[in-house]
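Beneath this line is the structure, given in C-alpha cells, with notes to follow.
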Amino acid sequence: MTLTAPESPSAGSPPHHETVAPVKLWLCPNDALPPDLAGELARHWLDEREHQTATRFLFERDRRQYLVAHTLVRRALALEAGLTEAELVIWRSSRGRPFLQPLPGGLPRGGDHLDFNLSHAGGYSLLGIVRRQRIGVDVEGLGREARGLETIVTTFAPEEQRWAAEVPEGPRRERRVLRLWTLKEAYSKARGLGLGLPFDEFSFSLADDRGVLGFRPPADDLAGRWRLLELEPVPGVLVAVAVPADEPFAPHLELHHGFPWNRAAPHIVPLPEPVGAPRG
Ligand SMILES: CC(C)(COP(=O)(O)OP(=O)(O)OC[C@H]1O[C@@H](n2cnc3c(N)ncnc32)[C@H](O)[C@@H]1OP(=O)(O)O)[C@@H](O)C(=O)NCCC(=O)NCCS
27 MTLTAPESPS AGSPPHHETV APVKLWLCPN DALPPDLAGE LARHWLDERE HQTATRFLFE
87 RDRRQYLVAH TLVRRALALE AGLTEAELVI WRSSRGRPFL QPLPGGLPRG GDHLDFNLSH
147 AGGYSLLGIV RRQRIGVDVE GLGREARGLE TIVTTFAPEE QRWAAEVPEG PRRERRVLRL
207 WTLKEAYSKA RGLGLGLPFD EFSFSLADDR GVLGFRPPAD DLAGRWRLLE LEPVPGVLVA
267 VAVPADEPFA PHLELHHGFP WNRAAPHIVP LPEPVGAPRG
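Counting with the numbering used here, you get residues 27 to 306 for the letters of the sequence shown.
Okay, here's the thing in C-alpha cells:
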C-alpha cells in the first residue's frame, strides 16, 4: 500500500499519552482495486441490498466506484470490529444513513459501538470510522464545471456566498466553494441528515489556505461542539471530516491510503480544537 503524505502542515507523530481510539480515515482510489478483484470481493462480501444497488448503475465507471466503496467499507469495518466482511450487518436510517448493527455481546476486537461514514466521488472513496459517537466525511475532486459550482453556491448561507464571490471565477473560486461544500456535507452527514439539512441554515468561515475559523450552527445545534478538519491528501482531492467534540476522541486522526489489505502504518494528523461562532 502506498502512503501518500497529506499536505497538512501539522502532520507528525502520534502523542504517546493517548489511550482512547483515534478517528480512522481511509482514502482509497478506485485504481487500488482492479475491477475483476473488486467484483470478486463484492460477490463474497456484499449483502443482497448492496448487490441489487450494484446492478442498477448505467455506467460501468459508476458501478466500479460503488463496488470499491462498499468493499472498502466492509474490509475496514471487519478489521476494526474483528468480524468477517460478510458477517457485518449494515442497516440504513429513514434518511439513508448506514449504520453497523451492534452485537449483543460487543465486538470481538473490543467495544460495542462503531460508527462510520462513506463518501465517493471522482475516482476516490473516503471512509471514516470512530469507536464512539458519530462521524461525517466528504470527498470532492477539484475540476468542476463553473455552472455546477454556481448552483452549489446558491445553497450556501449569505456570508459564505459573499466569501466565495470575493475571488474571481476560476480555480480560486472553485476551491473556496468546494471547501465549504465538503465541510457542509461532512457536518450534515455526521448528524445523519444529509441534504435534509438546508445548507443555508449554518455556515463556516475559513482560513485563506486551510482550516475552519468559525462555525455558525443550525438552530438545533451549538457552536463549539464539533471538531472540523479539512485535508487535501492528494493534490486536487478535498476532504472534510466532522466529529463531535464532547467525546474523549484522541486529538488525532489516522489517515490510511489505499485499500486496507493489511494494518500498514497510517499517517497521523492532529484534529483541530472545536470552533465557535465566527466573529463579526
Ligand atoms: C447523504 C448525501 C448528502 C450524499 O451526498 P453525495 O455527495 O451525493 O454523496 P457522498 O458520496 O458524499 O455520500 C454518499 C454516502 O453517504 C452515506 N449516506 C447516505 N445518506 C446519508 C445520511 N442521511 N447521512 C449520512 N450519510 C449518508 C451513504 O453511505 C452514501 O453512499 P452509499 O449510498 O453508496 O452507501 C445525500 O445523498 C442525501 O442527503 N441523502 C439522503 C436522502 C435525501 O435527503 N434525499 C434528498 C435528495 S434532495
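Backbone N, C-alpha and C define an ideal beta-carbon position, used for all residues, glycine too.
- G148 sits away from R217, with the two beta carbons spaced by 8 angstroms or more.
- Non-local beta-carbon contacts of H146 in its own chain, meaning distances under 8 angstroms to residues more than five positions away in sequence, involve Q91, Y92, V94, A95, L152, V165 in chain order.
- For R118, there is no enclosing alpha helix (DSSP H); the enclosing beta strand (DSSP E) has its first and last residue at 116-118.
- Non-local beta-carbon contacts of V115 in its own chain, meaning distances under 7 angstroms to residues more than five positions away in sequence, involve Q127 in chain order.
- P298 sits close to G237, with the two beta carbons spaced by under 8 angstroms.
- Looking at the DSSP output, Y150 sits in a beta bridge with P55, A147.
- Not one heavy atom of ligand 1 falls within 7 angstroms of the beta-carbon of S231.
- The beta-carbon distance between V99 and V267, rounded to whole angstroms, is 16 angstroms. This is too long to meet the 8 angstroms contact definition.
- Residue state for R253 is assigned as strand, using DSSP reduced to three classes.
- The three-state secondary structure of V49, taken from DSSP, is strand.
- The Cβ-Cβ distance between A58 and G284 falls below 8 angstroms.
- Annotation: L129 to L140 spans about 11 angstroms, alpha carbon to alpha carbon.
- For E192, the shortest separation between its Cβ and any heavy atom of ligand 1 does not lie below 7 angstroms.
- Inclusion of H282 and L103 in the CB contact set at 8 angstroms is not warranted, their separation being larger than that value.
- DSSP, read as helix, strand or coil, puts G122 in coil.
- L279 and G240 have their C-alpha atoms spaced approximately 21 angstroms apart.
- With 16 or more other CB atoms across the displayed protein chains lying within 10 angstroms of its CB, R157 is buried.
- Nearest to S120 by C-alpha distance, out of L219, G250, A290, is L219.
- Annotation for Y92 indicates a beta carbon within 7 angstroms of some heavy atom of ligand 1.
- Close CB contacts of W117 within its chain, under the 8 angstroms cut and outside five residues either way in sequence, are with P124, F125, Q127 (chain order).
- Remark: the shortest separation between the CB of A147 and any heavy atom of ligand 1 falls under 7 angstroms.
- For A172, the secondary structure class from DSSP, reduced to helix, strand or coil, is helix.
- DSSP places V193 in the coil class of the three-state scheme, outside both helix and strand.
- The beta carbon of G132 is closer than 7 angstroms to those of D138 in its chain, skipping five residues each way along the sequence.
- Note on geometry: alpha-carbon atoms of D247 and L254 lie some 15 angstroms from one another.
- Counting along the chain, no alpha helix (DSSP H) covers G136, and no H or E run does either.
- Note: R242 is bridge-paired with S229 in the DSSP secondary-structure output.
- N288 is classed as exposed because its beta carbon has fewer than 16 other beta carbons within 10 Å across all chains shown.
- CA-CA distance, E186 to E192, rounds to 10 angstroms.
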